[in-house]
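Peer 1: Here's a structure for you.
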Amino acid sequence: MLRLYKPLKNHEIFKLHEMLEHLVCNVWCEANGDACSSKIHPNFKDIYDNYDWLKTKIDTIYETCKSLSVEERETIVNAFFTNNEIEKLCNGDLLPVHLNELPEVVEQQMKPLLIDFYEILLERKKVPGTKQDYYQKLIRENEFQYCPCCGYMTFESTESKYREAFDHYLPKSDYPFASVNFSNLVPLCYKCNSDRKKVKDPIEKKAKAFYPFSNEEHRIEINITIDKAKDLRKLDRSDLAIDIIGDMDKVATWDRLFDIKERYNDITRSFTKTFLQRIKRRHKDFSEGKDNWSYTDSLNKIIEDYEYDRFEDCKFLKIPLMQELKNCASLIEVYGN
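See the structure below:
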């Protein structure tokens, strides 16, 4: 992630995950001779009673769970809490519990219904909070104009009636217990979410990943290297190299999920020609009446200006490009026409 979200501290939508926890841990995993309805918490009762399709599926799973052993029930409860420790899982401090380690009822019956919680139930009026309201408040809190994952795709504004899609950071197909955990639901642009990541698992094979809602200090540094023997206006992908400095294990996962280096290479080459022209024009303004003013001085001045809003208009890529151009500042005169 280029940037991380400051999480919302309170929102009604978080209550749905609490309901899910109650259902899995206190209803299904405590199934006995009592009726399922007798175990439903009053806060969940209204939803349970008003949607027949939901009530039928909850009751059916409850009946199946009656035959589970004490050990199997404990395994499911442990998996629920473990797989919802999203930050610890991303940092490698915990290992996830996979579906093949759990009783069959989890994958065959619980998983489809838990996915329905996100895809169907979350859209119903009786459910606390809405995705749209949560999205608007989260984006407003973070003041994001661009996708925090890639940094260059614009986001739907908080005034828009539309919103970006929520990515299940740990895929709901593999981690159904986290299907409505909004610590696992991350607004991303369509290029990051639908085109690149899809259902890839950030923590597969014990990989570490950036946690999108972490409160830890987070800064990514990008280095750009150019083959200076080439025409800077007509660079191929192999003529420009992107190097990302940070937590290398997590950077590798970020790149694997979202093709970040390849995309940064392409976007940088797409603006290089016009940017060289802009630098030359600004150099002309900066150097007017200053006999000893060099292109390096102009680049340093622009870099200083760009640092104030480095996440606007791909400046986080233009800054390292200018750092590289300082090594061949004389070429700007040649290619800046």
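Position 1 (the sequence shown) corresponds to -3 in the numbering used here; numbering is contiguous. Heads up, the beta-carbon is just placed ideally off N, CA and C, and yes, glycines get one too. Source: prediction; values computed, not measured.
In chain order, which continuous runs of the beta strand (DSSP E) of length 3 or greater are located wholly inside the region 208 to 272?
Peer 2: Entirely contained in the region 208 to 272, the beta strand (DSSP E) runs reaching 3 residues are, in chain order, 217 to 222, 236 to 241.
Peer 1: Give me whichever residues DSSP pairs with residue 150 in a beta bridge.
Peer 2: Taking the sequence shown and counting its residues from 1, the one referred to as residue 150 is at position 154. 142, per the DSSP bridge assignment.
Peer 1: So, with DSSP's three-state summary, where would you put residue 182?
Peer 2: Here residue 182 corresponds to residue number 186 of the sequence shown, with the count starting at 1. If DSSP states are grouped into helix, strand and coil, residue 182 belongs with the strands.
Peer 1: Do you know how far the Cα of residue 221 is from the Cα of residue 407?
Peer 2: Absent from the model: residue 407. The displayed extent of the chain is -3 to 333, so no value can be given.
Peer 1: Quick one: what does DSSP say residue 164 is sitting in, helix, strand or coil?
Peer 2: Locating residue 164 in the sequence shown gives position 168, counting from the first residue. If DSSP states are grouped into helix, strand and coil, residue 164 belongs with the strands.
Peer 1: Where does residue 294 sit, in a helix, a strand or coil, going by DSSP?
Peer 2: Reading the sequence shown from its first residue, position 298 is the one you call residue 294. In this structure, residue 294 counts as helix in the three-state DSSP scheme.
Peer 1: Provide the residue span of the alpha helix (DSSP H) that contains residue 317, from first to last.
Peer 2: The count along the sequence shown starts at 1 and reaches residue 317 at position 321. 311 to 321 is the extent of the alpha helix (DSSP H) around residue 317.
Peer 1: Within 10 Å of its beta-carbon, does residue -1 have 16 or more other beta-carbons around it, so buried, or fewer, so exposed?
Peer 2: Along the sequence shown, one-based indexing puts residue -1 at 3. Answer is buried; the Cβ neighbour count reaches 16.
Peer 1: Can you list, in chain order, the residues of its chain with a C-beta nearer than 7 Å to that of residue 223? Leave out the 5 residues immediately preceding and following it.
Peer 2: If you number the sequence shown from 1, residue 223 lands on position 227. 235.
Peer 1: When DSSP labels each residue in this structure, what does residue 4 get in the three-state scheme?
Peer 2: Within the sequence shown, numbered from 1, the residue matching residue 4 stands at position 8. Three-state result, residue 4: coil.
Peer 1: Classify residue 270: buried if its beta carbon has 16 or more other beta carbons within 10 angstroms, exposed otherwise.
Peer 2: Stepping through the sequence shown from its first residue, residue 270 is reached at position 274. With fewer than 16 Cβ atoms within 10 Å of its Cβ, residue 270 is classed as exposed.
Peer 1: Is there contact between the region 84 to 99 and the region 196 to 205, where contact requires at least three CB pairs shorter than 8 Å?
Peer 2: Counting Cβ pairs under 8 Å, three or more are found: they touch.
Peer 1: Where does residue 134 fall in DSSP's three states?
Peer 2: Counting from one through the sequence shown, the residue named residue 134 turns up at place 138. Three-state result, residue 134: helix.
Peer 1: Using the three-state DSSP reduction, which class does residue 34 fall into: helix, strand or coil?
Peer 2: Sequence index remark: in the sequence shown, residue 34 carries index 38 (1-based). The answer is helix: DSSP assigns residue 34 an H, G or I state.
Peer 1: Could you say if the region 200 to 216 and the region 108 to 116 meet the contact criterion of at least three C-beta pairs nearer than 8 Å?
Peer 2: Contact fails: fewer than three Cβ-Cβ distances are below 8 Å.
Peer 1: State the DSSP-derived secondary structure class of residue 99, mapped to helix, strand or coil.
Peer 2: As a working mapping, residue 99 is identified with position 103 in the sequence shown. Coil, per DSSP.
Peer 1: Classify residue 171 as helix, strand or coil using the three-state DSSP reduction.
Peer 2: For the purposes of this step, residue 171 is taken as residue 175 along the sequence shown, with counting starting at 1. Of the three classes helix, strand and coil, the one that applies to residue 171 here is coil, per DSSP.
Peer 1: Determine the extent of the alpha helix (DSSP H) in which residue 112 is found, giving its start and end residues.
Peer 2: Position 116 of the sequence shown, counting from 1, holds the residue named residue 112. Note, residue 112: alpha helix (DSSP H), 107 to 115.
Peer 1: Could you tell me whether the Cβ atoms of residue 23 and residue 58 are closer together than 8 Å?
Peer 2: As a first step, residue 23 must be located in the sequence shown, where it is residue number 27. As a first step, residue 58 must be located in the sequence shown, where it is residue number 62. Yes, the pair counts as a contact, with Cβ atoms nearer than the cut-off.
Peer 1: What separation, rounded to the nearest whole angstrom, lies between the Cα atoms of residue 42 and residue 147?
Peer 2: For the purposes of this step, residue 42 is taken as the residue at position 46 of the sequence shown. For the purposes of this step, residue 147 is taken as the residue at position 151 of the sequence shown. Approximately 42 Å, taken between the alpha carbons.
Peer 1: With H, G and I counted as helix, E and B as strand and the rest as coil, what does DSSP make of residue 75?
Peer 2: Locating residue 75 in the sequence shown gives position 79, where the first residue counts as 1. Reduced to three states, the DSSP call for residue 75 is helix.
Peer 1: Does the Cβ of residue 91 have 16 or more other Cβ atoms within 10 Å, making it buried, or fewer, making it exposed?
Peer 2: Taking the first residue of the sequence shown as 1, we reach residue 91 at position 95. Counting Cβ neighbours within 10 Å, residue 91 comes out exposed, since fewer than 16 surround it.
Peer 1: For residue 52, name the three-state secondary structure that DSSP assigns.
Peer 2: As a working note, residue 52 is residue 56 in the sequence shown. Reduced to three states, the DSSP call for residue 52 is helix.
Peer 1: If contact is defined by three or more beta carbon pairs under 8 Å, each pair taking one atom from either stretch, is the region 62 to 70 in contact with the region 164 to 182?
Peer 2: Taking 8 Å as the limit for Cβ pairs, the verdict is that the region 62 to 70 does not touch the region 164 to 182.
Peer 1: Along the chain, where does the alpha helix (DSSP H) containing residue 85 start, and where does it finish?
Peer 2: Position 89 of the sequence shown holds residue 85. Its alpha helix (DSSP H) spans residues 82 to 87.
Peer 1: Ordered along the chain, which non-local residues of its own chain (more than five positions away) have a Cβ less than 8 Å from that of residue 282?
Peer 2: Taking the sequence shown and counting its residues from 1, one reaches residue 282 at position 286. So the list reads 289, 293, 294, 297, once near-sequence residues are dropped.
Peer 1: On the three-state DSSP scale, how would you describe residue 307?
Peer 2: Here residue 307 refers to the residue found at position 311 when the sequence shown is read from its first residue. Looking at residue 307 - three-state DSSP - the assignment turns out to be coil, as it is neither helix nor strand.
Peer 1: For residue 41, which three-state DSSP category applies?
Peer 2: Residue numbering aside, residue 41 sits at position 45 when the sequence shown is read from its first letter. Looking at residue 41 - three-state DSSP - the assignment turns out to be helix.
Peer 1: When the Cβ atoms of the region 122 to 138 are set against those of the region 233 to 247, are three or more pairs found closer than 8 Å?
Peer 2: Contact between the region 122 to 138 and the region 233 to 247 is absent, because fewer than three Cβ pairs lie under 8 Å.
Peer 1: Could you tell me the alpha carbon to alpha carbon distance between residue 78 and residue 251, rounded to whole angstroms?
Peer 2: Here the question's residue 78 lines up with position 82 in the sequence shown. Here the question's residue 251 lines up with position 255 in the sequence shown. When rounded, the distance between both Cα atoms is 26 Å.
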